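J.:
In the numbering used here, the protein residues as written are 55 to 402.
1. Where DSSP assigns a beta bridge to residue 386, which residues make up the other side?
2. My output table needs one value for residue 393: the three-state DSSP class, helix, strand or coil.
3. Taking the alpha-carbon positions, what's the residue 177 to residue 221 distance?
4. Given a threshold of 16 other Cβ atoms within 10 Å of its Cβ, counted over all protein chains shown, does residue 267 qualify as buried or as exposed?
5. Where does residue 398 sit, in a helix, a strand or coil, going by DSSP?
6. Do you know how far the Cα of residue 299 is from the Cα of residue 314?
7. Consider the Cβ of residue 190: report whether some Cβ of chain C lies at a distance smaller than 8 Å.
8. Report the three-state DSSP secondary structure of residue 365 (helix, strand or coil).
9. Could you tell me which uninterrupted alpha helix (DSSP H) segments, each at least 4 residues in length, are contained entirely in the segment 139-209, listed from first to last along the chain?
10. Can the beta-carbon of residue 173 be found less than 8 Å from the beta-carbon of residue 321?
11. Can you grab the Cα-Cα spacing for the pair residue 384 / residue 142, in whole Å?
12. Tell me the DSSP bridge mates of residue 256?
13. In angstroms with no decimal places, state the Cα-to-Cα distance between residue 203 and residue 166.
14. Classify residue 268 as helix, strand or coil using the three-state DSSP reduction.
15. Relative to the alpha-carbon of residue 391, which residue among 234, 117, 370, 150 has its alpha-carbon at the smallest distance?
16. Might you give, ordered along the chain, the residues of its own chain that have their beta carbon closer than 7 Å to the beta carbon of residue 378, omitting 5 neighbours on each side?
17. Between the Cα of residue 104 and those of 211, 159, 327, spot the shortest distance and give me the residue it belongs to.
18. Measuring CA to CA, which of 361, 284, 373 is closest to residue 171?
19. Given residue 423, which residues of its chain have a CB within under 7 Å of its CB, disregarding the five upstream and five downstream residues?
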């Protein structure tokens, strides 16, 4: 028989039903409210940080082509279609705006510099304030490189550098000559077969296998009241050290002029205070490349032995050396294909 709505039992069941529904609703509403509060707090913090950095960078000229929200993403993406990498686009900005320029990559604000005085501040005198940009620039390489010397910072970086340093001392590198010669001998076996067949070989790929530019990025960990190029900088910004732009400060930088580094050459004419930062293929200061002496020694051994045995001729001289806009490290489009001839046979 139907239950009387006014009976105590009916009222109790109705209350229990509404209470159960309320509990279910609360189980949904409370987490959503907590998530909304968290996202709102993050948005407030991000907005405050963005405004703080914007005020700190107000005196620095802005790179052209910026858009709301996206910032300067589009100029970098469209540059690739014209054969320009991000470092080429930044070089255009520096040429147009001066020795320091600010940019924005989807909310990440930063500055680009190429002046050797600025590099000295970042690499040497203020290096503790300028940390590696592990959150953005190095992040794609973390799955490959892990947290080794290249991708670590702080105490972990110092520990690993101290452990690796003794293995790369100059006096230890005498053995490298013998090891490099063996590597060249193995490469020569392959080159001799190409010389005999007349087939071309991608020498860029061979050098990449034989041993393992552009731009280094740092992140300012604290406010720098001295700053760069007369501009104090706020913490939390990306700092792009545009080494390519620094090396363009030489006369005819694209020409092969080894004499410029000889005593009394162009390099010696630069200011003593910043001369060491006018050519920085291995960086300078406490974070300089541990393997620079190894790399230079290896290059001398490998190139001298190869040129003693072979002559090289470009397959496509008109397009050879055209740089790929996105490959890291910098490399040519389509490799560097050459014809190889053994010098004894070439002379005959």
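For glycine and all other residues, C-beta sits at the position ideal for the given N, C-alpha and C. Predicted model only: the values in this text are computed from it and were never measured.
T.: Reading it off the structure:
1. 377
2. strand
3. 23 Å
4. For residue 267, the predicted model reports a pLDDT of 43, less than 50, meaning its position is unreliable and no value from the coordinates is stated.
5. helix
6. 18 Å
7. The structure shown contains no chain C; it is built from a single protein chain.
8. strand
9. 140-151, 170-174, 196-199
10. no
11. 12 Å
12. 391
13. 24 Å
14. With a pLDDT of 44 at residue 268, under the threshold of 50, the modelled position of that residue is not reliable, and no figure is offered here.
15. 370
16. 385, 386, 387
17. 159
18. 284
19. Given that the chain is displayed from residue 55 to residue 402, the structure contains no residue 423 and the question cannot be resolved.
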